[in-house]
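First the structure, in the form of structure tokens, and then the observations on it.
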Amino acid sequence: MSLSNREMWTLIHGMVLGAVFLLGFAGGLEGLYSLRPQLLSAEGVRDRSRRLKLGVVTMAVAAWGTVITGTWIVYPWYRDPGPESPRSVLLANPDLADWHHFGMEWKEHVAWISPILATVVAFIVIYYGPSLIRHDRVRKTALLLFVLSFGLAAIAGLFGALITKAAPLV
Amino acid sequence: MASNIQAGAAAHDELDVVDKPEGPVAAAIIAGGVGSLAVGLLTTLAEASTSIKDTLNFYDPVGPLSGKTIGGVLIWLVSWVVLHMVYRDKAFETRRALTVALVLIGLGILGTFPIFFQAFAPAE
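Line by line, the protein sequences give chains W and Z. For the first sequence, the numbering used here assigns the number -19 to the initial residue and increments by one for each residue that follows. For the second sequence, the numbering used here assigns the number 1460 to the initial residue and increments by one for each residue that follows.
Quick look at the structure:
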């Protein structure tokens, strides 16, 4: 009932930061979707704006944390040239090799677009604050980029989970 | 329902906040597209050229991914600063910025797609 250093970092990368990312996304999505004048009083707009900032900033920070820990801490263990590294295990088996050639190759690159887009959304929300409610087109733009950021992270997260299942990092 | 709409319209007039130009928002959106494109472009270039792949290998344990990610983030931040300076006081339409950004993001995603970038790998 103990975790190795590698398992701990894999857990932080995939589960802890992933959970924070999901929480931030849920809060930000709800905040962006409902920031409409017909739904809120002036006090409601100010309150919603504070929670919206918290949601989008949380998601951006979690996204950066996920890609930084993934690339600079977990990935070197994955690609270790030794025969027991996940990469070596996958490439040694023709039935599993595509998990590396397609899954990992896509995940390790596309994931980096997610925090960039999440940061753009966080900037928009912080820049306008409560007055974002007056800019419906900007709100919808932020909503689209926010969902896109989440979708790209979801692709990376899904492949991460499947690759870990095929060749765990121990 | 009508009373809700009227109440809402009145509510956001009561917010008492200074409105800001859309230029900085448009700059951030386009820069996000530039950053996405940079990640995709560096991924494809590293696959197409061994010398570029070696140049991007900033840190051996991470390999060329180190240079692709640091390079992509730097290009994004520099483009954001430059675009912000250009558009900070301008009324640049967010819809146009989004269109540009979506094209760049699409190209960036394409550049990171293995079936696409692996097609540029030198023949063995």
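Every residue gets a Cβ at the ideal spot worked out from N, C-alpha and C, and that includes glycine.
Chain W contact for residue i (CB, 9 Å cutoff)
i, result
"Z/LYS1479", "yes"
"Z/ALA1487", "yes"
"Z/LYS1527", "yes"
"Z/PRO1581", "no"
"Z/ILE1568", "yes"
"Z/VAL1541", "no"
"Z/ALA1560", "yes"
Cβ separation of residue i and residue j, assumed to be a contact under 8 Å, to the nearest whole Å
i, j, result
"Z/LEU1557", "Z/ILE1488", "6 Å"
"W/TRP92", "W/THR49", "Not quite, the Cβ-Cβ distance comes to about 13 Å (not below 8 Å), so this is no contact."
"W/ALA42", "W/LEU(-3)", "5 Å"
"W/GLY83", "W/PHE130", "Not quite, the Cβ-Cβ distance comes to about 19 Å (not below 8 Å), so this is no contact."
"Z/VAL1477", "Z/GLY1567", "Not quite, the Cβ-Cβ distance comes to about 35 Å (not below 8 Å), so this is no contact."
"W/ALA40", "W/PRO95", "6 Å"
"Z/PRO1480", "Z/ALA1560", "Their Cβ separation, rounded to whole angstroms, is 18 Å, which puts Z/PRO1480 and Z/ALA1560 out of contact at 8 Å."
"W/ARG28", "Z/ARG1554", "Contact doesn't hold; Cβ gap of about 24 Å is too wide."
"W/TRP86", "Z/PRO1573", "5 Å"
"Z/THR1514", "Z/PRO1581", "Contact flag wrong, Cβ pair sits at about 16 Å."
Where residue i meets chain Z, residues with beta-carbon distance less than 9 Å
i, result
"W/TYR13", "The premise fails here: W/TYR13 is roughly 15 Å from chain Z at the closest Cβ pair, so nothing lies under 9 Å."
"W/HIS81", "PRO1573 and GLN1577"
"W/PRO66", "The contacting residues do not exist; W/PRO66 stays about 14 Å from chain Z at best."
"W/PRO56", "TYR1518, ASP1519, PRO1520, VAL1521 and GLY1522"
Own chain residues within Cβ distance below 7 Å of residue i, not counting five before or after
i, result
"Z/PHE1579", "THR1503, GLU1506 and ALA1507"
"W/TYR58", "SER65, PRO66, ARG67 and LEU149"
"W/VAL0", "THR38 and ALA42"
"W/ARG119", "LEU12, LEU15 and LEU112"
"W/TYR55", "GLU88"
"Z/PHE1576", "THR1502, THR1503, GLU1506 and GLY1570"
Residues that residue i contacts on chain Z, provided the C-beta gap is smaller than 8 Å
i, result
"W/ILE106", "In chain order: nothing, as chain Z lies at least about 10 Å away."
Chain-ordered chain W contacts of residue i [CB-CB under 7 Å]
i, result
"Z/PRO1483", "TYR107"
"Z/GLY1494", "ILE96"
"Z/GLY1531", "TRP92"
Heavy atom of the ligand FAD within 8 Å of residue i beta-carbon
i, result
"W/VAL101", "With respect to the ligand FAD, the structure shown offers nothing to examine, as it has no ligands at all."
Interface residues of chain W facing residue i [CB-CB closer than 8 Å]
i, result
"Z/ILE1564", "ILE93, LEU97 and LEU128"
"Z/THR1502", "HIS89"
Beta-carbon contacts of residue i that lie in its chain and below 6 Å, excluding the five residues immediately before and after
i, result
"Z/TRP1539", "ALA1490"
"W/ILE156", "Coverage of chain W is limited to positions -19 through 150, which leaves residue 156 of chain W absent and any answer about it impossible."
"Z/VAL1537", "none"
"W/VAL25", "PRO110 and ILE113"
"Z/ILE1564", "GLY1492 and SER1495"
"W/ARG30", "none"
"W/VAL36", "GLY8, VAL101, ALA102 and VAL105"
"W/VAL69", "ALA147"
Cross-chain neighbours of residue i in chain Z, by beta carbon under 7 Å
i, result
"W/GLU85", "PRO1573"
"W/PHE103", "ALA1487"
"W/THR121", "ILE1488, THR1553 and LEU1557"
"W/VAL100", "ALA1487, ILE1488 and GLY1491"
Proximal residues of chain W, C-beta to C-beta of residue i below 9 Å
i, result
"Z/VAL1498", "HIS89, VAL90, TRP92, ILE93 and ILE96"
Residue-chain proximity (residue i, chain Z), Cβ-Cβ < 9 Å
i, result
"W/TRP52", "yes"
"W/HIS115", "yes"
"W/LEU132", "yes"
"W/LEU125", "yes"
"W/SER(-16)", "no"
"W/VAL118", "yes"
8 Å CB neighbourhood of residue i in its chain, flanking five on each side removed
i, result
"W/LEU132", "VAL90, ALA91, ILE93, SER94 and LEU97"
"Z/ASN1562", "With the sequence shown as reference, residue 1562 of chain Z is identified as Val, and Asn is not the correct amino acid for it. Once the five neighbours on either side are set aside, the close Cβ partners of Z/VAL1562 are GLY1492."
"Z/ASN1516", "GLY1522, PRO1523, SER1525 and GLY1526"
For this session: Write down every uninterrupted run of the alpha helix (DSSP H) in the stretch 19 to 76 of chain W whose length is 4 residues or greater and which is fully enclosed by it, in chain order.
Result: 22 to 49, 55 to 58 and 66 to 72
For this session: Tell me the start and end of each unbroken alpha helix (DSSP H) in the stretch 85 to 115 of chain W that is at least 4 residues and wholly inside, in chain order.
Result: 85 to 90 and 93 to 108
For this session: Ignoring anything shorter than 4 residues or poking outside the stretch 1475 to 1507 of chain Z, list the alpha helix (DSSP H) runs there in chain order.
Result: 1482 to 1507
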